[in-house]
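Structure first, commentary second.
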Amino acid sequence: MAPTATIGPATTISPATTALGIDVGGTGIKAAVVGPGGQLLARRSVPTPARHGADAVLDTVVLLAREVLAEAGPVHTAGLGTAGVVAPDGRSIAHATDALPGWAGTPVAERLEQGIGLPFTVLGDVQAFLAGEAALGAARGAATAVGVMAGTGVGGAVWANGALLRGATGAAGHLGHIAVPGAEGELCPCGRTGHVEALAAGPAMTGLFRRAVPTASATDLRDVARLAAQEHPKAVEVLTRGGRALGTVIGGVVAALDPDVVVLAGGVLDSGPWYEHALRAALSETTLPSLATVSVVRAELGSDAVLLGAAAAGRDAHAT
Ligand SMILES: [Zn+2]
22 MAPTATIGPA
32 TTISPATTAL
42 GIDVGGTGIK
52 AAVVGPGGQL
62 LARRSVPTPA
72 RHGADAVLDT
82 VVLLAREVLA
92 EAGPVHTAGL
102 GTAGVVAPDG
112 RSIAHATDAL
122 PGWAGTPVAE
132 RLEQGIGLPF
142 TVLGDVQAFL
152 AGEAALGAAR
162 GAATAVGVMA
172 GTGVGGAVWA
182 NGALLRGATG
192 AAGHLGHIAV
202 PGAEGELCPC
212 GRTGHVEALA
222 AGPAMTGLFR
232 RAVPTASATD
242 LRDVARLAAQ
252 EHPKAVEVLT
262 RGGRALGTVI
272 GGVVAALDPD
282 VVVLAGGVLD
292 SGPWYEHALR
302 AALSETTLPS
312 LATVSVVRAE
322 LGSDAVLLGA
332 AAAGRDAHAT
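When the count follows this note's numbering, it moves up by one through the sequence shown with no breaks and lands on 341 for the last residue.
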């Protein structure tokens, strides 16, 4: 069952009006008209034409948006969650990776407002995920929340005093790039060494396992998880070490922000119990003692969180 189907009219914190939500990832684009309470009234998804550049991506978003609006519109506001770092005014892309060539510098909000005719706000995908969980999911009702996404990288987002914290340059919440004991010398995808992403992201743990056991056959984290389930000590060690590292970092963030809740998401959580157990233990052991029992929960909205959060952010940004 789709997670949103369980959200009924009794939900008090929900989009008050319908809005258009867009999710632009490196591999797929989704668009939906999101109703009060988070219902997806119409939705489409297509592969991202990433290698054709930013114009092709924007053209695809416009086409998808027009389709869902024709089916379930009209709406008055729109939001878009995207890979990359979004400028703090929510209008353009400050930084992007090779997953979306040419995306950095693109004035996404202006271009989509011209193409679709709705006021847009743009936010990062992890920011959108947390905005969705705050509106409709595991962080609903929270004044302050931390979102953590552990997958091909380690991403984060901060919800502070009932709003998304974007930061001075749009990069607030990048907790994958916090230095952590045990990661010294390990190369992070950002180019620095010693960051938690170098120990706790899926590809990082797969690489560490292969380095420790060159003879083992492990092409991705699922293989490592399978070996851990067979009690392979190095597989268990790599997952435990990754979970401890991320838990230590979250413990520091919890001490800094004193959140109502920490929301965990991402495919790495499906690697068996070792990672999450180690994460929770390290968080409790390393944070301020009075915060050791902070609520740490799994995300509730699944793969639609970015879509729902983008719609909620669009509504909030343009509420009158
Ligand atoms: Zn880094």
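Glycine included, every Cβ here is placed at the ideal spot set by N, Cα and C.
| Query | Result |
| --- | --- |
| Quick check for students: name the residue ranges of the alpha helix (DSSP H) that lie wholly in the segment 196 to 282, counting only runs of 4 or more. | 218 to 221, 223 to 233, 242 to 250, 254 to 278 |
| Would you say Val-83 and Leu-133 are within 9 Å of each other, going by their C-beta atoms? | yes |
| For Thr-307, I'd like the list of residues in its chain whose CB is within less than 6 Å of its CB, leaving aside the five on either flank, ordered along the chain. | Thr-269, Gly-272 |
| Bridge partners for Ile-50 per DSSP, in chain order? | Val-45, Val-67 |
| Please specify which runs of the beta strand (DSSP E), each continuous and at least 3 residues long, are wholly inside the segment 86 to 129, giving them in chain order. | 99 to 103, 114 to 116 |
| Name the DSSP bridge partner or partners of Trp-180? | Ala-166, Leu-185 |
| By the DSSP assignment, the alpha helix (DSSP H) with Thr-142 in it spans what residues? | Per DSSP, Thr-142 belongs to no alpha helix (DSSP H); it is in the beta strand (DSSP E), 141 to 145. |
| Who are the Cβ neighbours of Ala-77 in its own chain at under 6 Å, not counting the five residues just before and after it? | Pro-70 |
| Measuring alpha carbon to alpha carbon, tell me which residue in Thr-142, Ala-276, Gly-126 is nearest Ala-332. | Thr-142 |
| Using the C-alpha atoms, what's the distance from Phe-230 back to Val-259? | 6 Å |
| Say yes only if the C-beta of Glu-205 is nearer than 8 Å to one or more non-hydrogen atoms of ligand 1, and no if none qualify. | no |
| Just jot down, in chain order, the residues whose CB lies closer than 6 Å to any heavy atom of ligand 1. | His-198, Cys-209, Cys-211, Arg-213, His-216, Glu-218 |
| CA-CA distance, Leu-157 and Gly-59? | 7 Å |
| Would His-97 pass as a contact of His-339 if the rule is Cβ separation under 9 Å? | yes |
| Where does Asp-110 land, buried or exposed, given buried means 16+ other C-beta within 10 angstroms? | exposed |
| Under DSSP, the alpha helix (DSSP H) around Arg-301 begins and ends at which residues? | 294 to 307 |
| Using DSSP bridges, identify the partner residues of Arg-319. | Leu-285 |
| Can you list, in chain order, the residues of its chain with a C-beta nearer than 8 Å to that of Val-245? Leave out the 5 residues immediately preceding and following it. | Met-226, Thr-227, Phe-230, Ala-239, Ala-256, Val-259, Leu-260, Ser-292 |
| Within a Cβ cutoff of 8 Å, which residues of the same chain sit near Leu-290, ignoring the five residues on either side of it in sequence? | Ala-171, Tyr-296, Glu-297, Arg-319 |
| Determine the closest residue to Cys-211 out of Asp-80, Gly-176, Val-234, Gly-287, with distance taken between C-alpha atoms. | Gly-176 |
| So which of Gly-105, Thr-127, Pro-128 has the shortest CA-CA distance to Ala-117? | Gly-105 |
| Cα separation between Gly-335 and Thr-236? | 50 Å |
| Can you find a CB in chain D that lies within less than 9 Å of the CB of Leu-300? | Checking the listed chains, one finds no chain D in this structure; it contains a single protein chain. |
| Does Ala-75 come out as helix, strand or coil in the three-state DSSP assignment? | helix |
| Compute the distance between the beta-carbons of Leu-322 and Gly-153, then report whether it is under 9 Å. | yes |
| Please name the residue, chosen from Leu-208, Gly-162, Thr-214, that lies closest to Asp-281 on a Cα-to-Cα basis. | Gly-162 |
| Tell me which same chain residues have a C-beta within less than 8 Å of the C-beta of Ala-40, skipping the five on either side of it? | Val-54, Val-55, Val-96, His-97, Thr-98, Ala-99, Gly-100, Ala-332, Ala-333, Gly-335, Arg-336 |
| Quick check: what's the CA-CA separation for Leu-304 versus Gly-136? | 46 Å |
| Alpha carbon to alpha carbon, how far is Leu-208 from Pro-202? | 14 Å |
| According to DSSP, which residues form a beta bridge with Leu-61? | Val-55 |
| Classify Gln-251 as buried or exposed, calling it buried when 16 or more other Cβ atoms lie within 10 Å of its own Cβ. | exposed |
| Going by DSSP, name the residue or residues bridged to Ala-40. | Val-55 |
| Go ahead and pull the three-state DSSP assignment for Ala-313. | coil |
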